[in-house]
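Undergrad:
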Amino acid sequence: MTIMQNPKAIATALLASLSLLLTGCFITPGKFTSELVLMEENRFSFTYEGEIFFIGLSNLAAMGAGAEEFEPSTCYDDDTFDERECTEAELAEQRAEWDAGAEMRAAEAAQQAEQMSAMMGGIDPNDPEASAELARLLMRQKGWERVEDKGEGVFDVLYRVEGELSHDFMFPVIEDVPMTNPFVQMVLRDEGVVRINAPGFSANNDANPMAAMGGAMGGMAGLAGMASMGQSSEGGGENAEMPNIPTMEGTFRIVTSGRILANNTDEGPSAIAGGEALEWAISPRTQQAPTALIDTSR
Numbered sequence: 377m378t379i380m381q382n383p384k385a386i387a388t389a390l391l392a393s394l395s396l397l398l399t400g401c402f403i404t405p406g407k408f409t410s411e412l413v414l415m416e417e418n419r420f421s422f423t424y425e426g427e428i429f430f431i432g433l434s435n436l437a438a439m440g441a442g443a444e445e446f447e448p449s450t451c452y453d454d455d456t457f458d459e460r461e462c463t464e465a466e467l468a469e470q471r472a473e474w475d476a477g478a479e480m481r482a483a484e485a486a487q488q489a490e491q492m493s494a495m496m497g498g499i500d501p502n503d504p505e506a507s508a509e510l511a512r513l514l515m516r517q518k519g520w521e522r523v524e525d526k527g528e529g530v531f532d533v534l535y536r537v538e539g540e541l542s543h544d545f546m547f548p549v550i551e552d553v554p555m556t557n558p559f560v561q562m563v564l565r566d567e568g569v570v571r572i573n574a575p576g577f578s579a580n581n582d583a584n585p586m587a588a589m590g591g592a593m594g595g596m597a598g599l600a601g602m603a604s605m606g607q608s609s610e611g612g613g614e615n616a617e618m619p620n621i622p623t624m625e626g627t628f629r630i631v632t633s634g635r636i637l638a639n640n641t642d643e644g645p646s647a648i649a650g651g652e653a654l655e656w657a658i659s660p661r662t663q664q665a666p667t668a669l670i671d672t673s674r
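The sequence shown begins at 377 in our numbering and counts up one residue at a time.
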C-alpha cells in the first residue's frame, strides 16, 4: 500500500484548494496589534501594526509548482500499516503515473501562475523582485508608514490613518488588486450608528483564506499543522521543508466615546477616560470574528 505523504504533495493539495477561491488577493494576519478609535466630532482613526502574510508570495506557491522531479510516495505494510521500503514494481507504477500526468501538471502550473499574478495585481510571484515591488506599491498608498519584507510572503507593516465618519472603511485595500479579504470593515448606518466587523481576525471565518482552505482542519491551525507534518516527515532537509506559515496572534481594540449597542467580546466594554473600550484577543482558536454596533451620535 502506498500513501502520498510528502511536503510537495501537501503544498500542491493546499494550492488546489486555494485555486477554488481565487476571487481576491489572499492575505492573513500574523502577529499584530490593531486599534480603531471612534472619536468625537465625527472622526475616526485606525492602526494596524505587525505581520501580514501574502500567500501568493510564500514558499507554499513555489512548492506547489515545484520542480519537475519524480518523488516516490511512502509505502506501508497492508497488515500493520508500518512504513516499509517500496518494491521495484510499486516504484515503477508510481513513476508511470507521474509520467502520464506530466502534460496536465504543466497546464495546471501555467494556470496557477496566471491566477497568482491576478491575485497580486499583476505582480508575478515567481519574480525575485516581487516582494520588493509589492512593498513599493503599498508604501505609495496613504496610511502605509512601514512595509518591511521578512521573507516567505511575510511583511512587517505599520498602517495608520484617520478621517471623518462620512464613508465606509475597509482594511486592507491594495491598488490594482480587484478585491482583498478584509481584516476590518466599518459600515455606516443612518443616525450615527456604526457597524464594525473584523472577519480577518477569526481563524474559522470564511473571509479568512486559511479558514476557507482549511475547512474541517480548523483554518489556520489546520494549515499550520499540515506544514508541521511536512517538516517532521522522514528524510528532512530541503525536500521536506514546508513554508513558515505565521500564526495569527494579536489584539484588536475599539475605543469610543459613543454608546456601545452590541458586541461579542468575552468581558464586554471597559471604562476608560472619555468613553469605553472593547478588546478581543485573537488566536488560531478564535471562533467568532470580532463585531460591534456603536451609536456615535451622542
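C-beta atoms are modelled at their ideal positions from N, C-alpha and C, and glycine is treated no differently.
1) Leaving aside the five residues before and after V530 along the sequence, list all residues of the same chain whose C-beta is less than 7 Å from its C-beta, in chain order.
2) Short of 6 Å in beta carbon distance, which residues of its chain neighbour L541, apart from the five on each side in sequence? Order them along the chain.
3) Note down, in chain order, each residue of its chain lying with its Cβ closer than 7 Å to the Cβ of G519, except the 5 sequence neighbours on either side.
4) Distance, Cα to Cα, A472 vs C451?
5) What span of residues does the alpha helix (DSSP H) with M515 cover, start to end?
6) Between E464, F446 and T463, which has its C-alpha nearest A478's C-alpha?
7) Using the beta-carbon count (16 or more within 10 Å), is T632 buried or exposed?
8) So, are the CB atoms of I572 and L412 less than 8 Å apart?
9) What did DSSP end up calling R471 once you bin it into helix, strand or coil?
10) DSSP three-state call for A483: helix, strand or coil?
11) Would you mind sorting S673 into buried or exposed? The rule is 16 or more other CB atoms within 10 Å of its CB.
12) Anyone know if the C-beta pair for G576 and V560 falls short of 8 Å?
13) Going by DSSP in three states, I621 sits in which element: helix, strand or coil?
14) Counting only the same chain and skipping the five closest in sequence on each side, list residues whose C-beta sits under 7 Å from that of Q664.
15) Indicate whether F546 and T404 have their beta-carbon atoms separated by less than 8 Å.
TA: With the structure as the only source:
1) Within the same chain, V530 has close Cβ partners G406, E427, F429 and P622.
2) Closer than 6 Å at Cβ, skipping near neighbours: N418 and F420.
3) For G519, same chain residues with a beta-carbon under 7 Å away, outside a window of 5 residues either side, are Y535, R536 and V537 in chain order.
4) For A472 and C451, the distance between alpha carbons rounds to 16 Å.
5) Start and end: A506 to M515.
6) Selected option, being the one with the closest Cα: F446.
7) The residue in question, T632, is buried, as its Cβ has 16 or more Cβ neighbours within 10 Å.
8) Yes, the Cβ-Cβ distance between I572 and L412 is below 8 Å.
9) DSSP places R471 within a helical segment (H, G or I) once states are collapsed to three.
10) When secondary structure is reduced to three states using DSSP, A483 falls in the helix class.
11) Classified as exposed, S673 has fewer than 16 neighbouring CB atoms from the shown chains inside 10 Å of its CB.
12) Yes, the Cβ-Cβ distance between G576 and V560 is below 8 Å.
13) DSSP places I621 in coil when its eight states are reduced to three.
14) Excluding positions up to five away in sequence, the list reads S578 and N640.
15) Phe is not the amino acid found at residue 546; the sequence shown has Met there. Cβ atoms of M546 and T404: not closer than 8 Å.
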